[in-house]
Amino acid sequence: SRPSRPGRPNRLALALAREARGRRWLSVGGWFSSSGEEAEDPNEPCEPREFVAKHLSKIYFNKVLPLEQSYQYDKFYTPSWTKGDFSAKPMVFVLGQYSVGKTTFITHLLGRSYPGAHISPEPTTDKFVAIMDGSKERTIPGNAAVMQEDKPFETLKSYGSNLLNRFECVEVPKTALLKDLTLIDSPGVLSGEKQRTDRGYDFAGLCRHWAERSERILLLFDAHKLDISDELKIAIQSLKGNEDKIRCVLNKADRVGTQELIRVYGALLWSLGKVVLTPEVMRIYVGSFWDEPYHRTEMAELFDAEEEDLMHDIRSLPQNSTIRKINELAKRLRHVKVHSLVCNELKNKFSLLSLQSREEQQKKMLKRENLTDTFSKLAKKYAVHVSDFPDPEEFAKSVSELEIKLWTFSSLKSGYVDAMDKLLVEQMPLLFEKLGENPLEELQEKAGGTTKS
5 SRPSRPGRPN
15 RLALALAREA
25 RGRRWLSVGG
35 WFSSSGEEAE
45 DPNEPCEPRE
55 FVAKHLSKIY
65 FNKVLPLEQS
75 YQYDKFYTPS
85 WTKGDFSAKP
95 MVFVLGQYSV
105 GKTTFITHLL
115 GRSYPGAHIS
125 PEPTTDKFVA
135 IMDGSKERTI
145 PGNAAVMQED
155 KPFETLKSYG
165 SNLLNRFECV
175 EVPKTALLKD
185 LTLIDSPGVL
195 SGEKQRTDRG
205 YDFAGLCRHW
215 AERSERILLL
225 FDAHKLDISD
235 ELKIAIQSLK
245 GNEDKIRCVL
255 NKADRVGTQE
265 LIRVYGALLW
275 SLGKVVLTPE
285 VMRIYVGSFW
295 DEPYHRTEMA
305 ELFDAEEEDL
315 MHDIRSLPQN
325 STIRKINELA
335 KRLRHVKVHS
345 LVCNELKNKF
355 SLLSLQSREE
365 QQKKMLKREN
375 LTDTFSKLAK
385 KYAVHVSDFP
395 DPEEFAKSVS
405 ELEIKLWTFS
415 SLKSGYVDAM
425 DKLLVEQMPL
435 LFEKLGENPL
445 EELQEKAGGT
455 TKS
């Protein structure tokens, strides 16, 4: 971005300083009041990406988090963010059915094995494993890892001890890729009779958790077994809203002939089209991602080119990490806004004059046809697309299972919607400008709920 004139602070720093002193539009009732923090020196030298990450954190904790807590957003959707989420390195989430080669794929990317890596035709990775850079090789159990403030895993505590017993953090020293990235290996998705096994935690919820916090989601498939099991289908559907991050990897392709590979590739596209309901065709990398020579060499040139493209895509993630954080905060802010509007509207429907109890009134409100009508009216009133609203049945199910009493929520303060919209259209573009990006095009395309790969 253009350097500021000597002796004059840049526009973004001035705007944030005014905001901290509570003299801007953000001070609307109790929702967007100043936190009382001292304004930082706008002329203080700071690397642009570090500056933006710091102020994204301020916006979230001072403006967005209080609203999430007021309407229990974390219970309906994903846990609230922590400071570790803003300082974390970009994450790559690896997902696939068992025995598709996930662990072998990761060791191939790293150029070495890591503690706990075990490779077998049967399911061997029975836990989520975060593979990070570290000063020495060690394994940190899940219960200890979530207590470390310098790691972005604190929010996993909300998923319970069963999950923490199935999670571990592995630190690997002197590995080039891990200097800028963190890899998340996942348990093999089960199929057949195995998928009826109770994992003891919300597997789809965990997939949604990692998807929201990852820069890239790699879906691995075996060229010899393309069937998408019920559990994998649910896991893929839990990635909704993060389709732009998904890349598919068709592994073990060196064991089929050229003609058969064409059929396999087409069959995979067809299968994915039935699960991922987007008009865009997903990028599929074809190859054999391990350290052994290719079993069949007639497609070696293609496999090498595909692997080079995939590695380029992964290595480019740190360069766009800060932009992705702005995008993720904008998406979450938009989602929180819609959730708040829904809860506020339903809360205002309760009547003290009704002959029905509040429980009976709530039950009536949560009927699918009534929720659909409420969402439609809110969409028109606030110029929000209907697709940004939750599925009526899922919303009603969450309220029922969590035993939430909608009438206990606070009313939304006057001016909130305008304040939130201004935060999106004024503050976010300033952060893009600080990075030297085109703010309007990026924000309009990425924060609006539809993204293109």
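The sequence shown begins at 5 in our numbering and counts up by one. Where a beta carbon is used, it is the ideal one built from N, C-alpha and C, also for glycine.
With DSSP collapsed to three states, give me the class of residue i.
i, result
"I188", "strand"
"P433", "helix"
"V260", "coil"
"A134", "strand"
"K2", "There is simply no residue 2 to check, as the chain begins at 5 and stops at 457 in what is shown."
"I288", "strand"
"E153", "coil"
"R27", "Residue placement at R27 cannot be trusted, given a pLDDT of 37 that sits under 50; the coordinates are not used to answer."
"D45", "Any reading at D45 needs caution, since the residue's pLDDT is 48, under 50, leaving its predicted position unreliable; the model's value is listed next. Of the three classes helix, strand and coil, the one that applies to D45 here is coil, per DSSP."
"I318", "helix"
"N169", "coil"
"S457", "Here the model assigns S457 a pLDDT of 37, short of 50, so the residue's position is not dependable and the matter cannot be decided."
"I408", "coil"
"E175", "strand"
"N66", "helix"
"V280", "coil"
"K229", "strand"
"R300", "coil"
"L254", "strand"
"K438", "helix"
"V32", "Reliability fails at V32, whose pLDDT of 35 lies under 50, so the model's placement of it is uncertain and no value is given."
Buried or exposed: which applies to residue i, given that a residue is buried once 16 or more other Cβ atoms fall within 10 Å of its Cβ?
i, result
"Q360", "exposed"
"S190", "buried"
"V403", "buried"
"M95", "buried"
"R25", "Reliability fails at R25, whose pLDDT of 45 lies under 50, so the model's placement of it is uncertain and no value is given."
"I266", "exposed"
"R170", "buried"
"G105", "buried"
"M424", "buried"
"R142", "exposed"
"G40", "With a pLDDT of 41 at G40, under the threshold of 50, the modelled position of that residue is not reliable, and the figure given next carries that caveat. It is exposed - the Cβ of G40 has fewer than 16 other Cβ atoms within 10 Å."
"R217", "buried"
"R372", "exposed"
"D89", "buried"
"R319", "exposed"
"Y386", "exposed"
"D258", "buried"
"R220", "buried"
"P177", "exposed"
"M303", "buried"
"N246", "buried"
What are the boundary residues of the alpha helix (DSSP H) that includes residue i?
i, result
"G146", "G146 to A149"
"R212", "F207 to R217"
"I330", "S325 to N352"
"I238", "D234 to Q241"
"R203", "From DSSP, R203 is part of no alpha helix (DSSP H); its letter is neither H nor E."
"R362", "R362 to M369"
"K79", "Y77 to F80"
Taking the continuous beta strand (DSSP E) assigned at residue i, which residues delimit it?
i, result
"D422", "First-last for D422: Y420 to K426, but that is the alpha helix (DSSP H), not the beta strand (DSSP E)."
"D226", "R220 to D226"
"F293", "Where F293 is concerned, there is no enclosing beta strand (DSSP E), given that its DSSP letter is neither H nor E."
**Asked** Any chance the stretch 207-217 sits against the stretch 110-123, with 3 or more Cβ pairs inside 8 Å?
**Response** Cβ pair count under 8 Å is below three, so no.
**Request:** Could you say if the stretch 420-429 and the stretch 374-384 meet the contact criterion of at least three C-beta pairs nearer than 8 Å?
**Result:** Flag = no, the stretch 420-429 and the stretch 374-384 do not touch.
**Message:** Report the start-end ranges of each alpha helix (DSSP H) in the stretch 82-129 that is 4 residues or longer and not cut off at the edges.
**Reply:** Taken in chain order, the complete alpha helix (DSSP H) segments of 4 or more residues contained in the stretch 82-129 are 87-91 and 106-114.
**Request:** Decide yes or no for the touch test of the stretch 328-337 against the stretch 133-140: beta carbon pairs closer than 8 Å, at least 3 of them.
**Result:** The stretch 328-337, when compared against the stretch 133-140, does not touch it at the 8 Å Cβ threshold.
**Message:** Tell me whether the stretch 273-282 and the stretch 305-313 touch, counting them as touching only if at least three CB pairs, one residue from each stretch, are closer than 8 Å.
**Reply:** Look at the beta carbons and you see the stretch 273-282 not touching the stretch 305-313: under three pairs across the two are nearer than 8 Å.
**Asked** Is it a yes or a no for the stretch 220-232 touching the stretch 253-263, going by three-plus beta-carbon pairs under 8 Å?
**Response** Short answer: they touch.
**Prompt:** Counting pairs of Cβ atoms below 8 Å between the stretch 291-298 and the stretch 320-329, do you hit three or more?
**Reply:** In this structure the stretch 291-298 does not lie against the stretch 320-329, because fewer than three pairs of beta carbons, one per stretch, are closer than 8 Å.
**Request:** Please confirm if the stretch 49-67 is in contact with the stretch 428-441, defined as three or more CB-CB distances below 8 Å between the two stretches.
**Result:** With a cut-off of 8 Å, the stretch 428-441 and the stretch 49-67 count as touching, because enough Cβ pairs lie within range.
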